[in-house]
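Trainee: Pasting a structure here, questions to come.
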Amino acid sequence: MTKDRRRPGALVVAALVCCALAGCSGEASTPAALPPASSPAVRAAPPAVSASSPAVAPSPAVPPAGTATAAPAWLGTRVLPVGPDGFAAARITPPELLNRSIVTTDELPPPVDGRFHSTVQAVPADVLARSSWTSACPVKAQDLRYVTVGFRGFDGLAHTGELLVHERAAKPLVTVFGRLFAENYPIERMRISSVAELNAAPTGDGNTTEVFACRPVRGRKAWSQHAYGLAVDVDPFQNPYHKGKVVLPELATSYLDRGNARPGMVLARGPVVAAFAEVGWKWGGDYRSLKDFMHFSANGG
Ligand SMILES: [Zn+2]
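If you count by mature numbering (1 follows the signal peptide of the UniProt record, and there is no 0), then the sequence shown holds residues -22 to -1, 1 to 279, one letter each, in order.
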C-alpha cells in the first residue's frame, strides 16, 4: 500500500500495514459497517519483452477499446476527514468509479512504436529531488535506480511509466512489467510521488502504481519495504488494502468484492500474481490477517 494523499500519521500506518505482516494471525475481517457515503450524489504491437508462463487463469478482462473515460472532474479534490487513528473512514464507492476505467494522461512520452520498452539508469539528480528520498531514508541513493517501463492503459494504448526502485529490484520489475504489457493488463498511472503528494490529505481515490516511498512503520523502527524500493503497489484502487474497518484507498470499497472481477484487478490465479511469482516476489493478497491486494514485495513484507 502506498500513500496517495494521506496524512503523515496515516502514511505511517499504511507503512505498517505493508510490512508488519510476518507475525499476523487470523483472517482479514469484513468492515463491520461502512459509514454512509458523504458526497457521491450520486492494439498494440507485441512487446519486446516476453516470458514463458506457467498455466494460469485467463487474463483479467481487458476493457474493450474505447470504453475508458476521462477522470471525473472531482477526482483527487474531495479531501476526507482523518480520524484520531490517522485514517479516513472507508466510503461507498462513487458510481463513476464502480468499474473504474480511466484514460491515462501521458506524463512521459509514450512509445512511438506501441511496443514495450524499458530503461534502467542511475537516478538523475532532478528525479531524486522530486521524489520522497532523503538522506534519512534506509537506502542509499546510489543503490536506487530510475526505471522506465511501458504499460498498457485502460484506454488500450501503450504508455510510459517511471519507477524508483532498489538496484536489486530493477531487473525483476522490468521483467514483470514486460509480462503485464504482453498480457494487456491495464494500469492507470505510473509515476514517482513527491513528499508533498505522500503527505497530502487523503482523497481516497488515488490510483498510482509505484515502488519507492520513504516512510517508516508507526510505532516501530522498521521501514516499509517501499522505503527500500523493494515493494510495488499495482493499481491501488482496483486492488485495495483492507484490514478491519480500514480500506485504502478509502473510496475503493466496491473492489473488496473480489468475486466481481473487473479490469485491473489482481486475482489469485491470474497473470499478475503469476508474473511476480516468476521473479520470486510475494503478493499481499495472500496475507492472512489482512489483505493488501495491490502489494508485491521481494521478501514478502
Ligand atoms: Zn504496498
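For each residue, glycine too, the CB sits at the ideal point set by N, CA and C.
1. Identify which residue in Tyr219, Phe274, Asn162 and Leu58 has its Cα closest to the Cα of histidine 204.
2. State the beta-bridge partners of proline 188 as determined by DSSP.
3. Figure out for me which residue from Lys221, Val189 and Asn238 has the closest Cα to the Cα of alanine 147.
4. List, from N- to C-terminal side, the beta strand (DSSP E) runs of 3 residues or more that fit wholly inside the stretch 91 to 157.
5. Thinking C-alpha only, which one of Trp261, Thr55 and His144 is nearest arginine 247?
6. Who does arginine 167 pair with in a DSSP beta bridge?
7. Less than 8 Å separating the Cβ of alanine 205 from some heavy atom of ligand 1?
8. Compute the Euclidean distance between the alpha carbons of aspartate 235 and lysine 118, then round it to the nearest angstrom.
9. Is it true that the stretch 121 to 137 meets the stretch 165 to 185, where meeting means three or more beta-carbon pairs spaced less than 8 Å apart?
10. Under the criterion of a Cβ to heavy atom distance below 8 Å, does glycine 262 qualify as lining ligand 1?
11. Tell me which residues share the same chain as alanine 253 and place their Cβ nearer than 7 Å to its Cβ, disregarding the 5 neighbours each side in the sequence.
12. Between the Cα of glycine 263 and those of Leu53, Tyr219 and Gln120, spot the shortest distance and give me the residue it belongs to.
13. Check whether the Cβ of alanine 209 lies closer than 8 Å to any heavy atom of ligand 1, and answer yes or no.
14. Per DSSP, what kind of secondary structure is tyrosine 265 in: helix, strand or coil?
15. Could you spell out where the alpha helix (DSSP H) holding phenylalanine 271 opens and where it closes?
16. Got a sec? Which residues, its chain only, sit under 8 Å from proline 150 by beta carbon, not counting five neighbours each side?
Mentor: On the basis of the coordinates in this document:
1. The count along the sequence shown starts at 1 and reaches residue 204 at position 226. Minimum Cα distance to histidine 204 is reached at Phe274.
2. Translated into the one-based positions of the sequence shown, residue 188 becomes position 210. The displayed chain sequence assigns glutamate, not proline, to residue 188. Glutamate 188 pairs with Asp211.
3. Position 169 of the sequence shown, counted from the start, is the residue given in the question as residue 147. Closest by alpha carbon: Val189.
4. 96 to 100, 122 to 130 and 136 to 144
5. Taking the first residue of the sequence shown as position 1, residue 247 is located at position 269. When only C-alpha atoms are compared, the closest one is Trp261.
6. Along the sequence shown, one-based indexing puts residue 167 at 189. Beta-bridge pairing links arginine 167 to Thr186.
7. Taking the first residue of the sequence shown as position 1, residue 205 is located at position 227. No, the beta carbon of alanine 205 sits no closer than 8 Å to any heavy atom of ligand 1.
8. Here residue 235 refers to the residue found at position 257 when the sequence shown is read from its first residue. Here residue 118 refers to the residue found at position 140 when the sequence shown is read from its first residue. Roughly 39 Å separates the two Cα atoms.
9. yes
10. By 1-based counting over the sequence shown, the position of residue 262 is 284. True, at least one ligand heavy atom lies under 8 Å from that Cβ.
11. Sequence index remark: in the sequence shown, residue 253 carries index 275 (1-based). Cβ neighbours of alanine 253 beyond the five flanking positions: Val154, Arg157 and Leu158.
12. Mapped onto the sequence shown, residue 263 falls at position 285. Checking every option, the nearest Cα to that of glycine 263 belongs to Tyr219.
13. Sequence index remark: in the sequence shown, residue 209 carries index 231 (1-based). It does: the Cβ of alanine 209 is within 8 Å (strictly closer) of some heavy atom of ligand 1.
14. Counted from its first residue, the sequence shown places residue 265 at position 287. In this structure, tyrosine 265 counts as coil in the three-state DSSP scheme.
15. Within the sequence shown, numbered from 1, the residue matching residue 271 stands at position 293. Looking at the DSSP string, phenylalanine 271 is not in any alpha helix (DSSP H), and its letter there is neither H nor E.
16. Locating residue 150 in the sequence shown gives position 172, where the first residue counts as 1. Closer than 8 Å at Cβ, skipping near neighbours: Val257, Gly258, Trp259 and Ala276.
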